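Just so we're on the same page, my numbering is the position in the sequence shown counted from 1, plus 430.
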Amino acid sequence: MKGMTTRREFLHWTGVAGLGIAAAACVPAAPTGTTGEAAEESVTLLVWDQWSGGGADAGMQQLVESFTEANPNITIEREVYSGNEQLRDLLKTALGAGTGPDLMYYDLGAFALQVLVNADQLMPMDDAYEQYGWDQKIFEFAQQWCTLEGKRYAIPHELEFEPVYYNKTAYDELGLQVPQTHAEFTANCEATKEAGYIPITIGNAGRGELRHTFGFPLNNLVGKAGMDDITLCGASWDRPEVLEAIRIICVDYLEQGFYPPDPNAIPGQDANNLFFTGEAIHKLTGTWWVGTVLEAETEFEPDIYLYPSINGSEVLPQAWLGSGYQVPKDSVDPDAAFQFIDFLYSDAAVPVWVETVSVVPPMPFDAESLNLSDLMKKVLSILRSPDQKFGWMPAGFSPPGVYDMMNAGFQQILAGEKTPEQQMLDLQEQWQAAIDGGQYGLKC
431 MKGMTTRREF LHWTGVAGLG IAAAACVPAA PTGTTGEAAE ESVTLLVWDQ
481 WSGGGADAGM QQLVESFTEA NPNITIEREV YSGNEQLRDL LKTALGAGTG
531 PDLMYYDLGA FALQVLVNAD QLMPMDDAYE QYGWDQKIFE FAQQWCTLEG
581 KRYAIPHELE FEPVYYNKTA YDELGLQVPQ THAEFTANCE ATKEAGYIPI
631 TIGNAGRGEL RHTFGFPLNN LVGKAGMDDI TLCGASWDRP EVLEAIRIIC
681 VDYLEQGFYP PDPNAIPGQD ANNLFFTGEA IHKLTGTWWV GTVLEAETEF
731 EPDIYLYPSI NGSEVLPQAW LGSGYQVPKD SVDPDAAFQF IDFLYSDAAV
781 PVWVETVSVV PPMPFDAESL NLSDLMKKVL SILRSPDQKF GWMPAGFSPP
831 GVYDMMNAGF QQILAGEKTP EQQMLDLQEQ WQAAIDGGQY GLKC
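Structure representation (structure tokens):
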């Protein structure tokens with residue numbers, strides 16, 4: 431791997447602007463060979479992934495079939511899970527007991543990847559990076575988020591950020607414009623509430639969704655430099671901007687009636703359905719939701735915009751790298767796993783990822799050659815904008831204690847059992863404990 435990039439290069443996501451490959455077909459060609467040593471004996475790889483739902487599951491199965499057609503000695507046995515929350519619970523026991531997968535698609539955050547590395551349950555992938563040329567293909571800043579104590583333990587798979595999804599048809603009918611300020615956003619919410627809609631859908635049952643909502647005002651208020659200092663250098667959460675972000679999502683929006691009644695009792699899918707049926711106007715979540723929105727085939731036109739400036743603040747969408755492929759130390763055949771990974775990151779696979787699954791891989795490709803939905807075009811235009819800066823997704827980078835405190839603490843505030851001030855202090859306490867205890871690696 432090349433030397434560490436400068437702090438500016440690491441933070442600006444400038445590599446995203448160079449998206450370019452030469453593949454245009456929707457069906458990937460069968461792989462004709464790799465630069466690595468292929469597995470020769472028959473082997474079955476148990477793969478745990480999260481590619482559920484119509485387009486995601488279909489796209490992944492399409493890739494599996496193409497790969498196994500060209501590599502009949504390798505059988506891919508998929509077990510599909512609903513997301514990182516489910517995998518997090520299962521992997522705690524499965525890997526330690528030797529009943530886990532041979533390859534898995536799991537989050538890159540400290541609450542996920544670093545926990546497994548600290549438990550010595552993952553195989554370093556540096557040799558495979560060099561063998562297959564991933565060190566030259568995958569954006570370097572993305573590789574660095576998979577690097578712990580000088581070794582790469584995963585290969586990142588998604589460039590993602592969190593926009594505001596909205597019902598454009600309802601906006602047009604109500605004469606509303608895309609807001610340029612937070613005051614205009616709340617005015618739009620008031621207008622939609624008066625028209626009989628739920629302004630913002632949220633499902634905070636279980637572990638909840640507010641950890642994602644939190645990142646919207648947090649990044650804008652703290653700003654690029656401040657978020658970099660927290661995320662990369664371990665700076666304190668105890669600051670007025672963090673407190674204000676907590677108040678906005680847990681107090682202001684609740685008291686203004688922007689959420690559906692009793693958000694803590696609403697499962698995430700029920701909240702999604704409020705948007706799909708047109709009952710709710712806005713949903714604050716990530717670009718990974720694009721495929722789900724398209725599959726819903728809503729009767730209205732869905733669109734996205736960036737969460738607007740708060741009192742003159744930056745517009746800094748929270749961003750992350752999603753999940754990535756990781757190989758457990760007891761994988762039945764690491765070479766076969768690496769061979770499969772190499773195909774998933776081939777030029778031939780890119781159209782399936784972007785067109786069918788609706789995700790953006792962290793490597794160069796030519797977006798102009800692809801058949802994209804309007805939503806994916808909007809996503810790519812934001813990612814490729816040379817002037818757009820991005821912040822950090824607390825739901826992505828946080829270590830376990832902070833992650834769990836966001837979930838439980840935000841629920842307690844909504845229930846009137848905790849103050850925003852106490853939540854801020856508790857987040858900082860968990861943050862410092864994670865740094866001191868080696869649960870979060872600084873990148874300053």
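The beta carbon of each residue, even a glycine, is placed where N, CA and C say it ideally should be. None of the values given here were measured: they were computed from a predicted structure.
- Beta-carbon gap between Q492 and W667 smaller than 7 Å: Position 62 of the sequence shown holds residue 492. Position 237 of the sequence shown holds residue 667. Cβ distance not < 7 Å, so Q492 and W667 don't count as in contact.
- Beta-carbon proximity list for A452, same chain, < 8 Å, skipping 5 on both sides: As a working note, residue 452 is residue 22 in the sequence shown. Per-residue confidence for A452 stands at a pLDDT of 32, beneath the threshold of 50, marking its modelled position as unreliable; the derived number appears in the next sentence. Excluding sequence neighbours, A452 sits near D777, D796, S799.
- Beta-carbon proximity list for Q862, same chain, < 6 Å, skipping 5 on both sides: Here residue 862 corresponds to residue number 432 of the sequence shown, with the count starting at 1. Answer for Q862: no residue qualifies.
- Query: Cβ of V584 within 7 Å of Cβ of L543?
  - Reply: Translated into the one-based positions of the sequence shown, residue 584 becomes position 154. Translated into the one-based positions of the sequence shown, residue 543 becomes position 113. Correcting the residue identity first, residue 584 is Ala in this sequence and not Val. For A584 and L543, yes; Cβs fall inside 7 Å.
- Message: Let me check one thing: in DSSP terms, what residues is E507 bridge-paired to?
- Response: For the purposes of this step, residue 507 is taken as the residue at position 77 of the sequence shown. Answer is L476.
- Query: If you scan the stretch 687-727 from start to end, which runs of the beta strand (DSSP E) of 3 or more residues do you find wholly inside it?
  - Reply: 710-714
- Task: Could you name the residues of the same chain whose beta carbon sits closer than 7 Å to that of Q818, not counting the 5 residues immediately before and after it, in chain order?
- Result: Residue numbering aside, residue 818 sits at position 388 when the sequence shown is read from its first letter. So the qualifying residues of the chain are I812.
- Query: In chain order, what residues of the same chain lie with their CB nearer than 6 Å to the CB of W481, ignoring the 5 residues before and after it?
  - Reply: In the sequence shown, counting from the first residue as 1, residue 481 sits at position 51. Closer than 6 Å at the Cβ level, and outside the excluded window around W481, lie D487, M490.
- Message: Assuming contact is defined by CB atoms lying nearer than 7 Å, are F644 and I696 in contact in what I supplied?
- Response: Residue mapping note: residue 644 aligns to position 214 of the sequence shown, counting from 1. Residue mapping note: residue 696 aligns to position 266 of the sequence shown, counting from 1. For F644 and I696, no; Cβs fall outside 7 Å.
- With respect to the alpha helix (DSSP H) encompassing I660, which residues constitute its N-terminal and C-terminal limits? Against the sequence shown, residue 660 aligns to sequence position 230. First-last of the alpha helix (DSSP H) with I660: 640-663.
- Ends of the beta strand (DSSP E) at D733? The count along the sequence shown starts at 1 and reaches residue 733 at position 303. Start and end: 732-735.
- Pull up the distance between the alpha-carbon of D602 and that of L589, whole angstroms please. Within the sequence shown, numbered from 1, the residue matching residue 602 stands at position 172. Within the sequence shown, numbered from 1, the residue matching residue 589 stands at position 159. One C-alpha to the other measures close to 30 Å.
- Task: Determine, using beta carbons only, whether A617 and L604 come nearer to each other than 7 Å.
- Result: Along the sequence shown, read from residue 1 onward, the residue named residue 617 stands at position 187. Along the sequence shown, read from residue 1 onward, the residue named residue 604 stands at position 174. Their beta carbons are not under 7 Å apart, which means A617 does not touch L604 by this criterion.
- Opposite L552 in the DSSP bridges: which residues? Mapped onto the sequence shown, residue 552 falls at position 122. According to DSSP, L552 bridges with P758.
- Message: Which of the three DSSP states is assigned to D668 in this structure?
- Response: Position 238 of the sequence shown, counted from the start, is the residue given in the question as residue 668. In this structure, D668 counts as coil in the three-state DSSP scheme.
- Query: Which residue from T715, G528, D772 puts its Cα closest to that of H642?
  - Reply: Walking along the sequence shown from the start, residue 642 turns up at place 212. The residue with the shortest Cα to Cα distance from H642 is T715.
- E424 and I632 look like a contact to me (Cβ under 8 Å); what is the Cβ gap, rounded to whole Å? The structure shown does not extend to residue 424, since the chain spans only 431 to 874, so no value can be given for it.
- Query: Are L533 and A767 closer than 7 Å when you measure CB to CB?
  - Reply: For this step, residue 533 is matched to residue 103 along the sequence shown. For this step, residue 767 is matched to residue 337 along the sequence shown. Yes, they are a contact pair.
- Per DSSP, what kind of secondary structure is I865 in: helix, strand or coil? Position 435 of the sequence shown, counted from the first residue, corresponds to residue 865. In the three-state scheme derived from DSSP, where H, G and I count as helix and E and B as strand, I865 is classed as helix.
- Message: Between which two residues does the alpha helix (DSSP H) holding V681 run?
- Response: Looking up residue 681 in the sequence shown gives position 251. Neither: V681 is in no alpha helix (DSSP H) and is coded neither H nor E.
- Query: DSSP three-state call for G513: helix, strand or coil?
  - Reply: Counting from 1 along the sequence shown, the entry for residue 513 is found at position 83. Coil.
- Query: So, Y595 versus K759, is the Cβ gap smaller than 7 Å?
  - Reply: On the sequence shown, position 165 is the one that residue 595 refers to. On the sequence shown, position 329 is the one that residue 759 refers to. The answer is no: Cβ separation not under 7 Å.
- Task: Give me the Cα-Cα distance between D804 and P732, rounded to the nearest whole angstrom.
- Result: Here the question's residue 804 lines up with position 374 in the sequence shown. Here the question's residue 732 lines up with position 302 in the sequence shown. Going by the C-alpha atoms only, they are around 10 Å apart.
- Item | P586 beta carbon less than 7 Å from that of P792 | Working through the sequence shown from its first residue, we reach residue 792 at position 362. Working through the sequence shown from its first residue, we reach residue 586 at position 156. Cβ distance < 7 Å, so P792 and P586 count as in contact.
- Message: Quick check: the Cα distance between G698 and G636, rounded to an integer number of angstroms?
- Response: Your numbering for residue 698 matches position 268 in the sequence shown. Your numbering for residue 636 matches position 206 in the sequence shown. Distance between the alpha carbons of G698 and G636: 9 Å.
- Message: Here's a check: name, in chain order, each residue in its chain whose Cβ is nearer than 6 Å to the Cβ of Q610, leaving out the five neighbours to either side.
- Response: The count along the sequence shown starts at 1 and reaches residue 610 at position 180. Answer for Q610: P738, listed in chain order.
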